[in-house]
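Asks: For the sequence shown, my numbering assigns the number 409 to the initial residue and increments by one for each residue that follows.
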Amino acid sequence: MGSTDQNTSQRNQTILVEFILIGFSDFPNLQGFLFGLFLVMYAVILVGNSLILVITKIDPSLQMPMYFFLGNFSFLEICYVSVTIPRLLADLYRQNRSISFLACAIQMYVFLVLGVTECFMLTVMAYDRYVAICKPLLYPLLMNKKLCIQLAGGCWVSGIPVHIGFTYSVFSLPFCGRNWLDHFFCDIPPVLTLLCGNTFLIEMMIYVIALLVVTIPFMLILGSYVKIISAILKLHSTTGRAKAFSTCSSHLMVVALFFGSGTITYLRPKSSHAAERDKFLSLFYTIVTPMFNPMIYCLRNKDVTVALKKFLLKCIVL
409 MGSTDQNTSQ RNQTILVEFI LIGFSDFPNL QGFLFGLFLV MYAVILVGNS LILVITKIDP
469 SLQMPMYFFL GNFSFLEICY VSVTIPRLLA DLYRQNRSIS FLACAIQMYV FLVLGVTECF
529 MLTVMAYDRY VAICKPLLYP LLMNKKLCIQ LAGGCWVSGI PVHIGFTYSV FSLPFCGRNW
589 LDHFFCDIPP VLTLLCGNTF LIEMMIYVIA LLVVTIPFML ILGSYVKIIS AILKLHSTTG
649 RAKAFSTCSS HLMVVALFFG SGTITYLRPK SSHAAERDKF LSLFYTIVTP MFNPMIYCLR
709 NKDVTVALKK FLLKCIVL
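Okay, structure coming up:
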């Protein structure tokens, strides 16, 4: 009997060649509405971040390290959302939610790599603000063009080797034959629920990686802002304090949104995971936060607002 069960299990593991993304099929009457909503949100993300990317490249007043990193961050956001939203829109439109085993692994890998890049990019942006406010006289020397390019490049490539090993470890484990992923993309929590046997090692890897790419960067950002706020409060000029707070507050809001939602998703105990809650929480950090980021930077940063108005006026005149 034990031998028969083992053979059945092995058979189930070998025939698993695709997954079915359940997504939001629990709400059949809302499929059209959700498609329209997510399409509009995706368009807002693409347009908003593209505008910031363009103005940071062409506007002379924004040729500073802060806006160089902001341009990188905007391009990163476009890449980040494009890993999940087009697939979600296609699933809602055609009602065919199958995704191949390889495509699922690639989607998870690229999503995780870009997530790491975002963590590090936000950390570098905090460091830039720290140098600008706490060491203003040394700022041009410390944040030179070569270093900025190296820091941005390091952010983009740092997650590549880490998640090759992690993704391979997840998808090389046996699956139990069930191929229904109760999610709208191949994220870690729903994929882990389909794995057979003990997933303790994978869960430990998640916590170790999270410590390295989430907790440590977040603590560095926090430390930077403790010093930044202390330095701002010592400024005698009210205008100087207001400008410094406005440039830093936008970054702090983005940090809080991104790290807050990511931490709740990946670092809470496995027993507290619920499919519906995970899906809606994932919507927050994959769609909602990237949509608000351009708005936050435009509303909270006067230099970006002015540059954007100039660019739009130029486009209208042309």
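Don't be surprised by glycine CBs; every beta carbon is placed ideally from N, CA and C. Since we're looking at a predicted model, the values are computed, not measured.
Taking S458 as the reference, which of L716, V725, L721 has the closest Cα?
Replies: L716
Asks: In angstroms, rounded to a whole number, what distance separates the CA positions of P597 and H591?
Replies: The C-alpha of H591 is placed about 9 Å away from the C-alpha of P597.
Asks: Hey, T697 and L665 are a contact pair by Cβ (cut 8 Å); roughly how many whole angstroms apart?
Replies: 5 Å
Asks: Starting from the N-terminal side, write out each stretch of the alpha helix (DSSP H) that is 4 residues or longer and does not extend beyond the segment 571 to 645.
Replies: Qualifying alpha helix (DSSP H) stretches, in chain order: 596 to 600, 608 to 618, 624 to 641.
Asks: Excluding the 5 residues flanking G567 on each side, which residues of the same chain have their C-beta closer than 6 Å to its C-beta?
Replies: Cβ neighbours of G567 beyond the five flanking positions: V521, V524, T525.
Asks: Does any CB atom of chain D fall closer than 9 Å to the CB of V518?
Replies: Here chain D cannot be found, since the structure has a single protein chain.
Asks: For S458, report the span of its alpha helix (DSSP H) as first-last.
Replies: 439 to 466
Asks: So what's I672 in DSSP terms, helix, strand or just coil?
Replies: It is helical.
Asks: Indicate the three-state DSSP secondary structure (helix, strand or coil) for L549 in the structure shown.
Replies: helix
Asks: Can you tell me where the beta strand (DSSP E) with S508 in it begins and where it stops?
Replies: 506 to 508
Asks: Could you check if L720 is buried or exposed, using at least 16 other CB atoms within 10 Å of its CB as the buried criterion?
Replies: exposed
Asks: Going by the DSSP bridge assignment, what does L429 pair with across the sheet?
Replies: For L429, which the question treats as bridged, DSSP gives the partners L589.
Asks: In whole angstroms, what separates the C-alpha of L581 from that of C604?
Replies: 7 Å
Asks: Identify the continuous alpha helix (DSSP H) that holds M474 and give its terminal residues.
Replies: 473 to 490
Asks: Answer yes or no: do A534 and I460 have a C-beta to C-beta separation smaller than 9 Å?
Replies: no
Asks: Would you grab the beta carbon distance between F574 and M529 for me? Rounded to a whole angstrom, and I think it's under 8 Å.
Replies: So it is not a contact: roughly 20 Å between Cβ atoms.
Asks: Output the distance between the C-alpha atoms of I514 and V425, rounded to the nearest integer angstrom.
Replies: For I514 and V425, the distance between alpha carbons rounds to 14 Å.
Asks: By DSSP, does P544 sit in helix, in strand, or in coil?
Replies: coil
Asks: Does the distance from the CB of A652 to the CB of I672 come in under 9 Å?
Replies: no
Asks: Within 8 Å, do at least three Cβ pairs link the segment 492 to 500 to the segment 425 to 435?
Replies: yes
Asks: Can you tell me which of the three DSSP states D515 falls into?
Replies: Note that residue 515 corresponds to Gln in the displayed sequence, not to Asp. Of the three classes helix, strand and coil, the one that applies to Q515 here is helix, per DSSP.
Asks: By DSSP, does N709 sit in helix, in strand, or in coil?
Replies: coil
Asks: Can you look up D434 in the DSSP assignment and give me helix, strand or coil?
Replies: Here D434 sits in coil by DSSP.
Asks: Can you give me the C-alpha to C-alpha distance between R505 and Y547, rounded to a whole angstrom?
Replies: 51 Å
Asks: Leaving out the 5 sequence neighbours to the left and right, which residues in its chain are closer than 8 Å to L600 when beta-carbon positions are compared?
Replies: The residues are V578, T607, I610, E611, K678.
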